[in-house]
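Numbering (our numbering), first residue to last: 375 to 867.
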């Protein structure tokens with residue numbers, strides 16, 4: 375691969391073109407200079423490089439041809455999107471950002487939010503009217519302080535009825551404001567099991583919500599339940615980020631209480647860092663230290679280099695400590711996981727990777743179906759943050775690998791199927807962590823021996839084909855340092 379061929383004289387060519395952006399110091403930088411970074415980052419790392427002709431190593435015969443190609447795109451976003459392989463079906467998760475500081479904060483759980491995590495529901499596929507339903511509230515957030523709670527229904531924002539016809543024809547931009555009001559209502563089934571005749575009755579109450587910079591603690595709820603003489607641990611975990619020591623402390627409590635079963639609630643967990651998923655699987659078990667948890671697969675060129683120079687990098691293994699911190703592992707043989715279509719990426723890794731080792735019982739609906747991982751690429755000589763181009767803050771977050779468990783299970787595009795299919799319902803969401811909450815109640819009944827296969831609820835939450843509002847895309851972030859000696863072979867060979 376001859377990337378250096380395009381690097382030495384490129385700046386001279388870029389000066390000839392006028393499409394520019396401004397950096398944080400109001401200094402202009404050409405779009406093509408950023409485009410150069412975009413193409414090279416995708417050329418080295420992109421998982422689906424072999425499927426994208428414009429990323430081929432021999433795509434350009436000269437510097438002039440390469441420069442003309444870059445300048446055909448007026449923005450880095452346009453170029454990036456042109457290099458994505460089958461956006462609607464295969465790569466639904468790669469993204470580009472023009473502010474890597476915000477991207478880093480987002481990946482670590484810090485966002486500008488009012489703390490209301492919700493989605494919209496519909497009565498039927500032909501009715502554009504939408505209602506909001508609160509899924510959960512971030513403890514200590516503005517929404518929490520305003521008294522908002524799971525299951526609350528609202529029908530309007532700033533007095534305007536919500537509607538949704540398509541991803542480009544809706545009024546969900548009302549949620550973009552830093553401050554807005556929601557009008558609350560009650561949901562009525564009108565005594566039938568059909569949803570077409572359902573209505574929402576206004577309560578005459580509105581709540582004003584204000585966004586603020588907020589860091590979510592992914593340990594939303596943890597407790598020990600005593601049911602029929604059994605001690606059952608319950609953990610609602612909303613993101614694979616945050617403090618490892620705090621998570622280890624939760625498992626210390628579980629261990630000291632002598633729990634024999636764990637219910638891991640990942641229904642709204644869209645993923646996070648790979649290292650946190652390894653930590654979680656190792657805390658749940660403990661009897662498999664050193665064994666292969668999962669395998670990684672990169673694009674052909676990168677994968678071959680890893681196989682030849684550092685094959686261990688392609689494996690993730692169970693651990694018994696993290697940076698010297700001994701883990702309070704439970705040595706469990708059974709795990710109950712609560713899932714929805716919002717359960718994605720690192721969450722799916724936990725389920726998929728543990729399944730060959732212990733009995734994993736999945737309750738809920740199919741997960742999202744994201745078996746790929748990404749990393750943040752910066753505009754530097756080795757794509758790390760150190761030495762990043764100071765003239766802009768663009769970064770890439772492309773898919774760079776997919777994973778398989780020790781039994782080689784991967785490519786679960788339609789998600790991981792539950793053992794027990796159970797929908798959340800708009801009329802009975804329940805209280806998270808309460809023994810009577812439907813999904814948790816099903817897990818408890820199976821643990822205590824009173825469970826039976828649940829059927830699909832007729833009053834399920836029918837949602838639009840969108841992410842939950844206030845939720846980042848499903849993510850599995852590679853935070854294992856990329857070996858510079860291997861990356862340099864691709865850049866400077």
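Note that CB positions come from ideal geometry on N, CA and C, so glycine has one too.
This one's a predicted model, so the numbers in the text were calculated from it and none came from an experiment.
Residue 505 versus residue 527 - alpha carbon distance
Here residue 505 refers to the residue found at position 131 when the chain shown is read from its first residue. Here residue 527 refers to the residue found at position 153 when the chain shown is read from its first residue. Cα to Cα, the separation comes out at about 7 Å.
Residue 416: CB within 7 Å of a non-hydrogen atom of the ligand SAH
The ligand SAH is not part of the structure shown, which contains no ligands of any sort.
Is residue 634 buried or exposed, if buried means 16 or more other CB atoms sit within 10 Å of its CB?
Position 260 of the chain shown, counting from 1, holds the residue named residue 634. With fewer than 16 other Cβ atoms within 10 Å, it is exposed.
Grab me the residues of residue 442's own chain with a C-beta within less than 7 Å of its C-beta, minus the 5 sequence neighbours each way, in chain order.
One-based indexing of the chain shown puts residue 442 at position 68. If we look at residue 442 and ignore the five residues flanking it on each side, it has no Cβ neighbours.
Name the DSSP bridge partner or partners of residue 587?
Here residue 587 corresponds to residue number 213 of the chain shown, with the count starting at 1. 486.
Which whole-angstrom value describes the C-beta separation of residue 503 and residue 537, a residue pair presumed to lie in contact below a C-beta threshold of 8 Å?
Residue 503 sits at position 129 when you count from the first residue of the chain shown. Residue 537 sits at position 163 when you count from the first residue of the chain shown. About 6 Å separates the two Cβ atoms, so the contact holds.
Confirm, please, whether the CB-CB distance from residue 806 to residue 654 is below 8 Å.
Counting from one through the chain shown, the residue named residue 654 turns up at place 280. Counting from one through the chain shown, the residue named residue 806 turns up at place 432. No.
Span of the beta strand (DSSP E) around residue 786
Position 412 of the chain shown, counting from 1, holds the residue named residue 786. Residue 786 -> no beta strand (DSSP E), and no H or E assigned at all.
Mapping DSSP to helix, strand and coil, what is residue 842?
Position 468 of the chain shown, counting from 1, holds the residue named residue 842. Unreliable positioning characterises residue 842 in this predicted model, as indicated by a pLDDT of 48, which lies under 50. The coordinate reading is nonetheless provided below. Correct three-state label for residue 842: coil.
Look up residue 597 in the DSSP assignment and say whether it is helix, strand or coil.
Here the question's residue 597 lines up with position 223 in the chain shown. Correct three-state label for residue 597: strand.
Where do the N-terminal and C-terminal ends of the beta strand (DSSP E) with residue 604 fall, by residue?
Stepping through the chain shown from its first residue, residue 604 is reached at position 230. Start and end: 604-611.
For residue 683 and residue 477, what's the separation of their Cα atoms in angstroms?
In the chain shown, residue 683 corresponds to position 309, counting from 1. In the chain shown, residue 477 corresponds to position 103, counting from 1. Approximately 31 Å between the Cα atoms of the pair.
Within 10 angstroms of the Cβ of residue 855, are there 16 or more other Cβ atoms? Answer buried if so, exposed if not.
Taking the first residue of the chain shown as position 1, residue 855 is located at position 481. With fewer than 16 Cβ atoms within 10 Å of its Cβ, residue 855 is classed as exposed.
Where do the ends of the beta strand (DSSP E) carrying residue 667 lie?
Here the question's residue 667 lines up with position 293 in the chain shown. Looking at the DSSP string, the run of the beta strand (DSSP E) that includes residue 667 is 666-671.
Please go through the same chain and pick out, in chain order, the residues whose beta-carbon is closer than 8 Å to the beta-carbon of residue 701, but skip the five residues on each side of it.
Position 327 of the chain shown, counted from the start, is the residue given in the question as residue 701. Around residue 701, the same chain offers 622, 625, 653, 656, 657, 660, 693, 694, 695 as residues with beta carbons nearer than 8 Å, after the five sequence neighbours per side are excluded.
Along the chain, where does the alpha helix (DSSP H) that runs through residue 655 open and close?
On the chain shown, residue 655 is found 281 positions in, with the first residue counted as 1. For residue 655, the enclosing alpha helix (DSSP H) starts and ends at 648-658.
Which same chain residues end up closer than 6 Å to residue 780 when comparing Cβ atoms and leaving out the 5 residues on each side of it in sequence?
Position 406 of the chain shown, counting from 1, holds the residue named residue 780. The residues are 666, 730.
Under 7 Å Cβ to Cβ from residue 384, same chain only, skipping five residues before and after it: list those, please.
Position 10 of the chain shown holds residue 384. For residue 384, the predicted structure reports a pLDDT of 44, less than 50, and the residue's modelled location is therefore unreliable. A value from the coordinates is still provided. Counting only Cβ-Cβ distances below 7 Å, and skipping sequence neighbours, we find 410, 437, 441.
Taking C-alpha atoms, which residue in 798, 791, 859, 775 lies nearest to residue 851?
If you number the chain shown from 1, residue 851 lands on position 477. Per the Cα distances, 775.
Would you say the stretch 478-487 touches the stretch 577-591, given that touching needs at least three Cβ pairs under 8 Å?
yes
Using CA atoms only, rank isn't needed, just tell me which of 483, 407, 860, 472 is closest to residue 672.
As a position in the chain shown, residue 672 is number 298, starting the count at 1. Shortest Cα-Cα distance from residue 672 to any of 483, 407, 860, 472 involves 860.
Report the three-state DSSP secondary structure of residue 384 (helix, strand or coil).
On the chain shown, residue 384 is found 10 positions in, with the first residue counted as 1. Residue confidence is low: residue 384 scores 44 on pLDDT, short of 50, so the model does not pin down where it sits. Its coordinate-derived value is still stated next. Residue 384 falls in the helix class under three-state DSSP.
Anyone know if the C-beta pair for residue 468 and residue 405 falls short of 8 Å?
Translated into the one-based positions of the chain shown, residue 468 becomes position 94. Translated into the one-based positions of the chain shown, residue 405 becomes position 31. When the beta-carbon positions are compared, residue 468 and residue 405 stay at least 8 Å from each other.
With a threshold of 6 Å on Cβ separation, who are the neighbours of residue 858 within its own chain once the five nearest residues in sequence on each side are excluded?
As a working note, residue 858 is residue 484 in the chain shown. Closer than 6 Å at the Cβ level, and outside the excluded window around residue 858, lie 756.
Residue 439 versus residue 431: straight-line alpha-carbon distance, rounded:
Numbered from 1 along the chain shown, position 65 holds the residue referred to as residue 439. Numbered from 1 along the chain shown, position 57 holds the residue referred to as residue 431. Whole-angstrom Cα-Cα distance: 13 Å.
In the DSSP output, which residue or residues are listed as bridge partners for residue 708?
By one-based count along the chain shown, residue 708 stands at place 334. Residue 708 pairs with 733.
Tell me which same chain residues have a C-beta within less than 8 Å of the C-beta of residue 715, skipping the five on either side of it?
The residue given as residue 715 occupies position 341 in the chain shown. The residues 739, 740, 741, 742, 789, in chain order, have a CB closer than 8 Å to that of residue 715 in the same chain once the five nearest residues on each side in sequence are set aside.
Measuring straight from C-alpha to C-alpha, what distance separates residue 745 and residue 777?
Within the chain shown, the letter at position 371 stands for residue 745. Within the chain shown, the letter at position 403 stands for residue 777. So the alpha carbons of these two residues sit roughly 6 Å apart.
Here's a check: name, in chain order, each residue in its chain whose Cβ is nearer than 7 Å to the Cβ of residue 853, leaving out the five neighbours to either side.
Along the chain shown, read from residue 1 onward, the residue named residue 853 stands at position 479. Correct list, in chain order: 647, 648, 649.
Counting only the same chain and skipping the five closest in sequence on each side, list residues whose C-beta sits under 8 Å from that of residue 562.
For the purposes of this step, residue 562 is taken as residue 188 along the chain shown, with counting starting at 1. Counting only Cβ-Cβ distances below 8 Å, and skipping sequence neighbours, we find 572, 573, 574, 575.
Looking at the structure shown, is residue 628 part of a helix, part of a strand, or coil, going by DSSP?
As a position in the chain shown, residue 628 is number 254, starting the count at 1. It is helical.
Cα-Cα, which of 491, 463, 499, 773 is closest to residue 569?
Numbered from 1 along the chain shown, position 195 holds the residue referred to as residue 569. The residue with the shortest Cα to Cα distance from residue 569 is 499.
Sequence-distant residues of its chain with Cβ nearer than 8 Å to residue 845 (five each side left out):
Residue numbering aside, residue 845 sits at position 471 when the chain shown is read from its first letter. Bear in mind that the predicted position of residue 845 carries a pLDDT of just 49, short of 50, making it unreliable; the figure below should be weighed with that in mind. Excluding positions up to five away in sequence, the list reads 491, 642, 644, 716.
Would residue 638 and residue 669 qualify as a contact pair, given that the criterion is a beta-carbon distance under 8 Å?
Looking up residue 638 in the chain shown gives position 264. Looking up residue 669 in the chain shown gives position 295. Cβ distance not < 8 Å, so residue 638 and residue 669 don't count as in contact.
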